[in-house]
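S.K.: Per our numbering, residue 389 is the first one in the sequence shown, and the count goes up by one each step. Right, I'll just put the structure down here and ask away after.
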Amino acid sequence: MKIAQVAPLYESVPPTAYGATERIISFLTEALVALGHEVALFATADSRTRARLHACAPTPLWRDERVWDTTTHHVRQLDTVIKLSSEFDVIHFHTEPIHLPMQRFLSCASVTTMHGRLLPADHGPLFETFPDAPLVSISDSQRNGAPDANWRATVHHGLSLDEMRYSREGGDYLLFVGRVMPEKRIDRAIEIARRAGLPLKIAAAVHPGERAYFREQIRPMLEASQSFVEYLGEVGGEARRALFANARALVFPIDWEEPFGLVMIEALASGTPVIAFRRGAVPEVIEHGVDGFIVDDVDEAVQAARHIGQIDRARCRKSFETRFSAGRMARDYVDVYQRLLDTPAATCAPLVEDDAY
Numbered sequence: 389m390k391i392a393q394v395a396p397l398y399e400s401v402p403p404t405a406y407g408a409t410e411r412i413i414s415f416l417t418e419a420l421v422a423l424g425h426e427v428a429l430f431a432t433a434d435s436r437t438r439a440r441l442h443a444c445a446p447t448p449l450w451r452d453e454r455v456w457d458t459t460t461h462h463v464r465q466l467d468t469v470i471k472l473s474s475e476f477d478v479i480h481f482h483t484e485p486i487h488l489p490m491q492r493f494l495s496c497a498s499v500t501t502m503h504g505r506l507l508p509a510d511h512g513p514l515f516e517t518f519p520d521a522p523l524v525s526i527s528d529s530q531r532n533g534a535p536d537a538n539w540r541a542t543v544h545h546g547l548s549l550d551e552m553r554y555s556r557e558g559g560d561y562l563l564f565v566g567r568v569m570p571e572k573r574i575d576r577a578i579e580i581a582r583r584a585g586l587p588l589k590i591a592a593a594v595h596p597g598e599r600a601y602f603r604e605q606i607r608p609m610l611e612a613s614q615s616f617v618e619y620l621g622e623v624g625g626e627a628r629r630a631l632f633a634n635a636r637a638l639v640f641p642i643d644w645e646e647p648f649g650l651v652m653i654e655a656l657a658s659g660t661p662v663i664a665f666r667r668g669a670v671p672e673v674i675e676h677g678v679d680g681f682i683v684d685d686v687d688e689a690v691q692a693a694r695h696i697g698q699i700d701r702a703r704c705r706k707s708f709e710t711r712f713s714a715g716r717m718a719r720d721y722v723d724v725y726q727r728l729l730d731t732p733a734a735t736c737a738p739l740v741e742d743d744a745y
């Protein structure tokens, strides 16, 4: 099968540090290549892949201080994809949905994975306008924002089996990994660690739109908690793997409908159990009492931290290998692609119809 993967240009594929969507695209692309498919990746020029790379921006847009309007670069990327669409059986979009007006005119089938939060006021009207756009959700929970869209499947994320470093023993600290956003609730993580009497390491990226929130809300908390909290900033590569492997537990104290939560399966791959609040996709990812604890408030989270030793780290790793491998994810997507190709309407109209004049 000839497959195109279209990535956002915000980060490279894979990203050098934070970048959940780009990380998943990398795992999927490499797993599809391993399955024997002919894969092309539309991404930044510094991306690393065994697929055929179509460079659509010289550097990641979020790393380029000259870039202000990221949409202009994604429009140029879309133009390249459209021009080359006849080369593929399926084009898989992972980008913002600016391509939907053009997907009917591609020379092949297409599908879009929605990686973010879906809002009824925004995405409801969008998918009403494009009811024929085939979509994939990354959790069943994610669909609640647009339940009537043209959902073809739910495909949970997956990682390569050797992406994380597994540790049988772990360490003595709680870990928070993610972006500095109000919904991620770093403040809760700090309170949980304080009340549980455990050190906390925070590896969190601060994006441009969140700098004021970090400066005004989070930094004072960090300064007041220096005795047990270590803020590490954005962490990638081997340092990130070590953080996960040596943690006692990952704390995931979200206060929003998280579409998936990639850090949870990174923790499981490391053998590290997860303490997660019951929001969004959490009940689809964590098996309560098996590879972590699902809690409803800070009090329950503190108790979970105190009893996290009851969770078998080997069972966490087994849960990851069984449910969240990149190979499983790739096979699930191949099933989606094949169903699209088996549908008579899968092949879209050419850019210019023979009887257009």
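Positions of the beta carbon are idealized from the N, C-alpha and C atoms, including for glycine.
#1: Ends of the beta strand (DSSP E) at S525?
#2: Please list the terminal residues of the continuous alpha helix (DSSP H) segment that includes T458.
#3: Could you please give the first and the last residue of the uninterrupted alpha helix (DSSP H) stretch that includes C704?
#4: So, under 8 Å CB-CB, A657 and R705 are touching, yes? Tell me the CB distance rounded to an integer number of Å.
#5: From what residue to what residue does the beta strand (DSSP E) around F481 run?
#6: Give me the Cα-Cα distance between Y721 and A408, rounded to the nearest whole angstrom.
#7: Counting pairs of Cβ atoms below 8 Å between the segment 640-655 and the segment 669-676, do you hit three or more?
#8: Just to confirm the assignment: which complete beta strand (DSSP E) runs, minimum length 3, are found wholly within the segment 484-569?
#9: Spatial neighbours of L466 within its chain, please: C-beta separation below 6 Å, excluding the five flanking residues on both sides.
#10: Quick one: which unbroken beta strand (DSSP E) runs of 3-plus residues sit fully inside the segment 628-714? Chain order, please.
#11: How big is the Cα-Cα spacing for Y561 and H595?
#12: In angstroms with no decimal places, state the Cα-to-Cα distance between D743 and G566.
#13: Whole angstroms are fine: how far does the CA of L547 sit from the CA of E626?
#14: Judging by CA-CA distance, which residue of E645, V678, T460 is the nearest neighbour of R667?
#15: What are the start and end residues of the beta strand (DSSP E) that includes V421?
#16: So L631 and I590 are in contact, right, with Cβ under 8 Å, and what is the actual spacing, rounded?
#17: Have a look at P485, K390, D684 and flag the residue whose alpha-carbon is nearest the alpha-carbon of V463.
#18: Determine the direct distance from the alpha carbon of T542 to that of P522, and round the result to whole angstroms.
M.R.: The structure says:
#1: Start and end: 523-525.
#2: From DSSP, the alpha helix (DSSP H) with T458 extends over 458-471.
#3: 701-711 is the extent of the alpha helix (DSSP H) around C704.
#4: By a beta-carbon distance limit of 8 Å, A657 contacts R705. Their separation comes to about 7 Å.
#5: Unbroken beta strand (DSSP E) run through F481: 478-481.
#6: Pairing Y721 with A408, the inter-Cα distance amounts to about 18 Å.
#7: Flag = yes, the segment 640-655 and the segment 669-676 touch.
#8: The segment 484-569 contains these whole beta strand (DSSP E) runs: 497-502, 523-525, 539-542, 561-567.
#9: Cβ neighbours of L466 beyond the five flanking positions: H487.
#10: The segment 628-714 contains, as complete beta strand (DSSP E) runs of 3+ residues, the segments 635-640, 662-665, 680-683 (chain order).
#11: So the two alpha carbons sit approximately 25 Å from each other.
#12: Because D743 carries a pLDDT of 41, less than 50, the predicted location of this residue cannot be relied on, and no value is offered for it.
#13: Approximately 15 Å, taken between the alpha carbons.
#14: When E645, V678, T460 are compared, the shortest CA-CA separation from R667 is found for E645.
#15: Element bounds for V421: not the beta strand (DSSP E) but the alpha helix (DSSP H), 408-422.
#16: About 10 Å separates the two Cβ atoms, so there is no contact after all.
#17: If we check each option's Cα against that of V463, P485 comes out closest.
#18: Taking the straight line from one Cα to the other gives about 12 Å.
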